[in-house]
Amino acid sequence: MQKTISILGSTGSIGEQTLSVIDQTVGYSVGYLTAQTNIQKLEQQALTYNPIGVVITSEPHYIEFKKNTSYKGNIFFGVDGLCEAACSDDTDILMSALVGFSGVIPTLEAIKKGKTVALANKETLISAGEIIMNAVKTHSAKLIAVDSEHNALLQCLVGEDISSINTITLTASGGPFFSLPIEEFSTITLEKALKHPKWKMGSKITIDSSTLMNKGFEVIEAKWLFDLQPNQIKVLVHPQSIVHSLVEFSDGSMKAQLGMPDMRIPISYALSYPKRFSYNFPRLALEEIQTLQFYPPDFQKFPCLQVAFDCLEKGGNSTAILNAANEVAVAWFLEQKIGYTDIIRSIEFALNKMPFVAHPSLADIIEIDTQTRSLLEQHLSTKL
Ligand code: NDP
Ligand code: MG
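See the structure below:
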């Protein structure tokens, strides 16, 4: 049966790879596409895929697009437009691939409509995990992980009882600074941090991968997706990025999912779940790889990972504060206004200053996100 997929963040790395999976799949059509500012790419996509509608969230870009485009479908603006796309009756599957906190509201709205949501935007679960998972249950929505590690876990858990999970292990490539001595971290430049050894991704997640905050976020993401306790979640550095994650069961047996480091594989599984479609993506040749290595992470060199575990343990609104502070710090680093080691210092500053709320409502989460950003922006501005 024909299925319509709408992509929030279609001009991004996951968005474009989702379109390339759709290109290879019979029976999928495109519902809505969205961009923040990249209207050139959105125009190309709109003319190629002829979606029902497009959404642009930056006002000047929305105005410019409306004036100059030759695309004849619906053109929506802002968060309301994102929610319209996410909740439309025409959307069978929503690919949630915005970056950062901007994904929370439209993803939640789609869940409240009982949609099937393929979730790449992990920041939604970091900021509002309890609210999201409660809404998934209440509205009988389906939340399918796109993140390669969680998608791997999903594959390992097919046919298993979730209560028989003993531990899960998320693998991490280690990023570009896995072997760099800790004394040299203060000299890390933006150019070096943007060179990920294995994955080509958007700039924010590339920096998060280099600090291992991305892995910390994935620990939190795993807790919510698979209903785990913090002490059930482990991290191992696996530089080859072939084993995407593992589950250890109550009888001591382990299952792992292996594959090329190619996001089109988890994207396609999320779209076809629980079935598999045939794709001619590059195949894994284990005889060429030969060696698979695993190391414990160095929490001293990568304090962001430790802070994420601490926030998960603490619970409440602390992971929302963590997410907001990290977004501000990474944005400032990307603009070269602060140094690499200022990222963790900024996060710790915000976590120490913001008040703790044990069971935040959505309004509390939005408020804490805004307050954390403004506190940290102000703090960093005074240091310039
Ligand atoms: P990109 O930065 O490449 O793309 C982000 C997309 O969101 C773009 O379409 C961008 O529009 C849009 N966007 C950015 N900011 C806003 C905003 N404030 N409001 C509305 N739209 C916005 O990110 P990625 O594709 O790399 O990542 C997307 C999500 O998937 C992230 O949460 C990331 O952690 C997760 N993820 C990504 C992986 C990857 O391989 N890339 C792997 C696993 C998870 P525009 O192009 O106009 O700026
Ligand atoms: Mg991942």
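Numbering (the numbering used here), first residue to last: 9 to 392.
Glycine included, C-beta positions come from ideal geometry on N, C-alpha and C.
Quick caveat: nothing in here was measured; it's all calculated off a predicted structure.
For this session: Tell whether a beta-carbon distance below 7 Å holds between Thr177 and Leu254.
Result: The residue you call residue 177 lines up with position 169 of the sequence shown. The residue you call residue 254 lines up with position 246 of the sequence shown. A contact, by the Cβ cut-off of 7 Å.
Exercise. What is the rounded straight-line gap between the Cα of Thr214 and the Cα of Glu199?
Worked result: Counted from its first residue, the sequence shown places residue 214 at position 206. Counted from its first residue, the sequence shown places residue 199 at position 191. Their backbone Cα atoms lie some 11 Å apart in a straight line.
Exercise. Gln314 lies in the alpha helix (DSSP H); which residues open and close that run?
Worked result: Counted from its first residue, the sequence shown places residue 314 at position 306. Its alpha helix (DSSP H) spans residues Pro311 to Lys322.
Exercise. What runs of the beta strand (DSSP E), each 3 residues or longer, lie entirely inside the region 131-166?
Worked result: 150-153
Problem set entry | Under the three-state DSSP convention, the category His252 falls into | Within the sequence shown, the letter at position 244 stands for residue 252. Correct three-state label for His252: strand.
Exercise. Ala126 bridges to which residues according to DSSP?
Worked result: Taking the sequence shown and counting its residues from 1, the one referred to as residue 126 is at position 118. Per DSSP, Met103 and Ile152.
For this session: Would you list the residues whose beta-carbon is nearer than 7 Å to any heavy atom of the ligand MG, in the order they occur in the chain?
Result: Asp155, Ser156, Glu157, Asn222 and Glu226
Problem set entry | Of the listed residues Thr45, Phe109, Phe85 and Phe84, nearest to Thr378 (C-alpha basis) | Against the sequence shown, residue 378 aligns to sequence position 370. Taking only the C-alpha atoms, the option nearest Thr378 is Phe109.
Problem set entry | Top-ranked residue by Cα proximity to Lys391, from Lys361, Arg353 and Ile374 | Taking the sequence shown and counting its residues from 1, one reaches residue 391 at position 383. The candidate whose alpha carbon is nearest that of Lys391 is Arg353.
Exercise. Does the region 303-313 come within contact of the region 179-192, defined as at least 3 CB pairs closer than 8 Å?
Worked result: yes
Exercise. Nearest-angstrom Cα distance between Asp216 and Glu343?
Worked result: Locating residue 216 in the sequence shown gives position 208, counting from the first residue. Locating residue 343 in the sequence shown gives position 335, counting from the first residue. Each residue's alpha carbon lies about 15 Å from the other.
Exercise. What residue from Ser37, Ile83 and Ile30 has the CA that sits closest to Leu50's CA?
Worked result: Here residue 50 refers to the residue found at position 42 of the sequence shown. Of the candidates Ser37, Ile83 and Ile30, the one whose C-alpha sits nearest the C-alpha of Leu50 is Ile83.
Exercise. Out of curiosity, what's the CA-to-CA distance linking Ile15 and Glu191?
Worked result: Counting from one through the sequence shown, the residue named residue 15 turns up at place 7. Counting from one through the sequence shown, the residue named residue 191 turns up at place 183. Rounded to the nearest angstrom, the two C-alpha atoms are 42 Å apart.
Exercise. What span of residues does the beta strand (DSSP E) with Ser14 cover, start to end?
Worked result: Along the sequence shown, read from residue 1 onward, the residue named residue 14 stands at position 6. Element bounds for Ser14: Lys11 to Leu16.
Exercise. Beta strand (DSSP E) containing Asn82: first to last residue?
Worked result: Residue mapping note: residue 82 aligns to position 74 of the sequence shown, counting from 1. Taken as a continuous stretch (DSSP letters only), the beta strand (DSSP E) holding Asn82 covers Asn82 to Phe85.
Problem set entry | Beta-carbon spacing of Ala278, Ala126 below 7 Å | On the sequence shown, residue 278 is found 270 positions in, with the first residue counted as 1. On the sequence shown, residue 126 is found 118 positions in, with the first residue counted as 1. Going by C-beta atoms, Ala278 is nearer than 7 Å to Ala126.
For this session: Report yes if the CB atom of Ser135 is closer than 7 Å to the CB atom of Asn331, and no otherwise.
Result: Within the sequence shown, residue 135 is the residue found at index 127, counting from 1. Within the sequence shown, residue 331 is the residue found at index 323, counting from 1. Contact flag set, yes.
Problem set entry | Inter-residue CB distance, Val251 and Leu266 (contact presumed, cutoff 8 Å) | Position 243 of the sequence shown holds residue 251. Position 258 of the sequence shown holds residue 266. About 5 Å separates the two Cβ atoms, so the contact holds.
Problem set entry | Reduced DSSP category for Ile64 - H, G, I as helix; E, B as strand; rest coil | Mapped onto the sequence shown, residue 64 falls at position 56. If DSSP states are grouped into helix, strand and coil, Ile64 belongs with the strands.
Exercise. Just curious, the beta strand (DSSP E) that Gly39 is in, first and last residue?
Worked result: As a first step, residue 39 must be located in the sequence shown, where it is residue number 31. Its beta strand (DSSP E) spans residues Tyr36 to Ala43.
Problem set entry | First and last residue of the uninterrupted beta strand (DSSP E) at Thr398 | The structure shown has nothing for residue 398, since the chain only spans 9 to 392.
Exercise. When DSSP builds the beta bridges, which residues end up paired with Phe257?
Worked result: For the purposes of this step, residue 257 is taken as residue 249 along the sequence shown, with counting starting at 1. Paired residue(s): Ile173.
Exercise. Taking all protein chains shown into account, do 16 or more other C-beta atoms lie within 10 angstroms of the C-beta of Ile47, making it buried, or fewer, making it exposed?
Worked result: Here residue 47 refers to the residue found at position 39 of the sequence shown. Classification of Ile47: buried, given that the 10 Å Cβ count is 16 or more.
Exercise. Looking at the unbroken alpha helix (DSSP H) that takes in Lys231, where does it start and where does it end?
Worked result: Counted from its first residue, the sequence shown places residue 231 at position 223. Looking at the DSSP string, the run of the alpha helix (DSSP H) that includes Lys231 is Met221 to Phe234.
For this session: Counting only the same chain and skipping the five closest in sequence on each side, list residues whose C-beta sits under 6 Å from that of Phe193.
Result: For the purposes of this step, residue 193 is identified with residue 185 of the sequence shown, where counting begins at 1. Closer than 6 Å at Cβ, skipping near neighbours: Thr349.
Problem set entry | For Tyr303, the three-state DSSP class (helix, strand or coil) | Sequence index remark: in the sequence shown, residue 303 carries index 295 (1-based). Tyr303: strand per DSSP, three-state reduction.
Exercise. Going by DSSP, what residues sit across from Met268 in a beta bridge?
Worked result: In the sequence shown, residue 268 corresponds to position 260, counting from 1. BP columns for Met268 are empty, so no partner.
For this session: Drop a sphere of 10 angstroms on the beta-carbon of Asp97, count the other beta-carbons inside from all chains shown, and report buried for 16 or more, exposed for fewer.
Result: As a first step, residue 97 must be located in the sequence shown, where it is residue number 89. That one is exposed.
Exercise. Any idea what DSSP makes of Ile346, helix, strand or coil?
Worked result: Locating residue 346 in the sequence shown gives position 338, counting from the first residue. Coil.
For this session: Report all residues from its chain with a CB closer than 6 Å to the CB of Leu27; omit the five preceding and five following residues, and keep chain order.
Result: For the purposes of this step, residue 27 is identified with residue 19 of the sequence shown, where counting begins at 1. Contacts found: none.
Exercise. Sorry if obvious, but does the Cβ on Lys75 come closer than 6 Å to a heavy atom of the ligand NDP?
Worked result: For the purposes of this step, residue 75 is identified with residue 67 of the sequence shown, where counting begins at 1. Not so, every heavy atom of the ligand NDP lies at least 6 Å from the Cβ.
Exercise. CB of Ile196 to nearest heavy atom of the ligand NDP: below 6 Å?
Worked result: Counting from 1 along the sequence shown, the entry for residue 196 is found at position 188. Flag unset: Cβ of Ile196 not near the ligand NDP.
Exercise. What do you reckon, is the C-beta of Ala180 under 6 Å from a heavy atom of the ligand NDP?
Worked result: On the sequence shown, position 172 is the one that residue 180 refers to. Not so, every heavy atom of the ligand NDP lies at least 6 Å from the Cβ.
For this session: Can you tell me which of the three DSSP states Val29 falls into?
Result: Residue 29 sits at position 21 when you count from the first residue of the sequence shown. If DSSP states are grouped into helix, strand and coil, Val29 belongs with the helices.
Exercise. CB-CB under 8 Å to Leu384, same chain, minus the five flanking residues each way: which ones, in chain order?
Worked result: Translated into the one-based positions of the sequence shown, residue 384 becomes position 376. Cβ neighbours of Leu384 beyond the five flanking positions: Ala332, Ala333, Val336, Ala337, Ser354, Phe357 and Ala358.
For this session: Please name the residue or residues paired with Ile241 in a DSSP beta bridge.
Result: Residue numbering aside, residue 241 sits at position 233 when the sequence shown is read from its first letter. Per DSSP, Ile176.
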